[in-house]
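Trainee: Just so we're aligned: 117 in our numbering is position 59 of the sequence shown, and the numbers increase by one with no gaps anywhere. The C-beta atom is built at its ideal place from N, Cα and C for all residues, glycine as well.
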Amino acid sequence: MSNLYFWFFALLGGMLPYWSLYLEARGFGYLQIATLMASIQLTKIVAPSVWGWLGDRSGQRVRLVRVGAIGGALCFAGVFLEPGFSGLLLAMLAFTFFWNAILPLYEVITLRTLGPERDRYGKVRLWGSVGFIGAVALVGAVLERVPVSALPWLLLPVFAGIALSTFLVPAERGERRRSLPAGSLGRVLWQRAVLAFFLMNFLLQVSHGPYYTFFSIHLERHGYGKFSIGLLWSLGVLAEIALFLVMHRLQRHLSLRRIALGALLLTALRWGMIADLTGGLALLLLAQLLHAASYGALHALSVQYIHGYFGQAHHGQGQALYSGLSFGAGGAVGAWMSGLLVEYLGTGAAFWGGAVAATLALLVAWWGIRAPAESR
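1. Output the distance between the C-alpha atoms of ALA135 and VAL216, rounded to the nearest integer angstrom.
2. Which residues bound the alpha helix (DSSP H) around ALA159?
3. Three-state secondary structure (DSSP) at LEU327?
4. Since ILE275 and THR405 are thought to touch, with beta carbons under 8 Å apart, how far apart are those beta carbons, to the nearest angstrom?
5. DSSP three-state call for ILE220: helix, strand or coil?
6. Where GLY219 and TRP425 are concerned, what is the direct C-alpha to C-alpha distance, given to the nearest angstrom?
7. Can you name, in chain order, every residue of its own chain whose Cβ lies under 6 Å from the Cβ of MET331, other than the five neighbours on each side?
8. Would GLY85 be called buried (16 or more neighbouring beta carbons within 10 Å of its own) or exposed?
9. Taking 8 Å as the cut-off, does the segment 274-291 touch the segment 160-175 (at least 3 CB pairs, one atom from each stretch)?
10. Can you list the beta strand (DSSP E) stretches of 3 or more residues lying completely in the segment 103-150, in chain order?
11. Looking only at its own chain, which residues have a Cβ that is under 7 Å from the Cβ of TRP65, when we skip the five neighbours before and after it?
12. Look up TRP248 in the DSSP assignment and say whether it is helix, strand or coil.
13. Go through its chain and collect everything with a Cβ distance to ARG250's Cβ below 6 Å, but skip five positions before and after it.
14. Would you report the Cα separation of LEU70 and LEU296, rounded to the nearest angstrom?
15. Can you tell me whether ALA279 is buried or exposed? The criterion is at least 16 other CB atoms within 10 Å of its CB, across all chains shown.
16. Taking the runs of the beta strand (DSSP E) that are 3 residues or longer, which of them lie wholly in the segment 249-300?
17. Which of the three DSSP states is assigned to LEU335 in this structure?
18. Rounded to whole angstroms, what is the Cα-Cα separation between PRO141 and CYS133?
19. Is it buried or exposed for TYR402, if we count other Cβ within 10 angstroms and need 16 for buried?
20. Pairs of beta-carbons, one from the segment 374-394 and one from the segment 88-105, closer than 8 Å: are there three or more?
21. Going by other Cβ atoms of all chains shown within 10 Å of its Cβ, with 16 needed for buried, is ASP334 buried or exposed?
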């Protein structure tokens, strides 16, 4: 199960920290960079729902994961033509439509395989973090010696790894979802705790917009080299790995609500530290360690939250909604808003905007987050 996580997040690690630097080197402006980076998130609004619906209806999630991996690699090839803004945007939208099919479908496969041992999810998922760190460090080291324009070529072996790893996943029997009573999904969605959960995650990902779009540019402006930038990204993911390893223990002593509130408070603190204290290395290192809270804790809780509220019948659709409304809509809005703030006020202002969004997410969680029901 861990093999595909490794390669999927290796691609994210090789691309996400350096893609904005690649776009800047190509001569795109900040609003154009924000739009192109938002395209990575934008297709998550539609793609996971489409692929999740197909997975629920056909039961052929493994085959769909393979289609996503191969289709994504073929569409990414358009980047090598070095098109202008419109052409690159089209290539990125096509690539991410397929690529964003992989993770939501595979999360369902993983949780169903684990069955009653769902608390082992963190240990399986941490291999994705290992892949991310390895790619960040390796690509960052190479980019110290070659132009950043070579980045797409450095990603080719990772695409191959993703495609090959999908064929190591055993095929499913193809059981179709049974027909359900009319309105059963609606009854799940209109619960106060579920509405609060989705709004909290939307605002959380809005707050991450400056980080995923302009963190590397922000660091470069403060004198950090590409290898150092890669190490700082890796530190955040190392903290995430440590959190995944102990998450099951935290859940034995703290409620979901308390963990969510604490993590959101630390997230707001993190963005404020990056906004104004980037010049102090010790404080920047501390801010990166808080990635364990802003991503690790909240994502691990969210996966189990979906499993608890949506159950077997709507698991695929619940995972798709989570991906689409939070990482998709929230990530895209966060990227565009950060682009506007950077264009007119600078990168520091964008991170303060992220702190405000995280604070709003904290208030929403305080209002509505409650522990999910047992898996149905």
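Mentor: Concretely, from the data shown:
1. 13 Å
2. Here ALA159 belongs to no alpha helix (DSSP H), and DSSP marks it neither H nor E.
3. helix
4. 6 Å
5. helix
6. 43 Å
7. LEU341, ALA345
8. exposed
9. no
10. none
11. GLY189, VAL216, GLY219, ILE220, SER223
12. coil
13. GLY426
14. 15 Å
15. Per the sequence shown, the amino acid found at residue 279 is Arg instead of Ala. Classification for ARG279: exposed.
16. none
17. coil
18. 13 Å
19. exposed
20. yes
21. exposed
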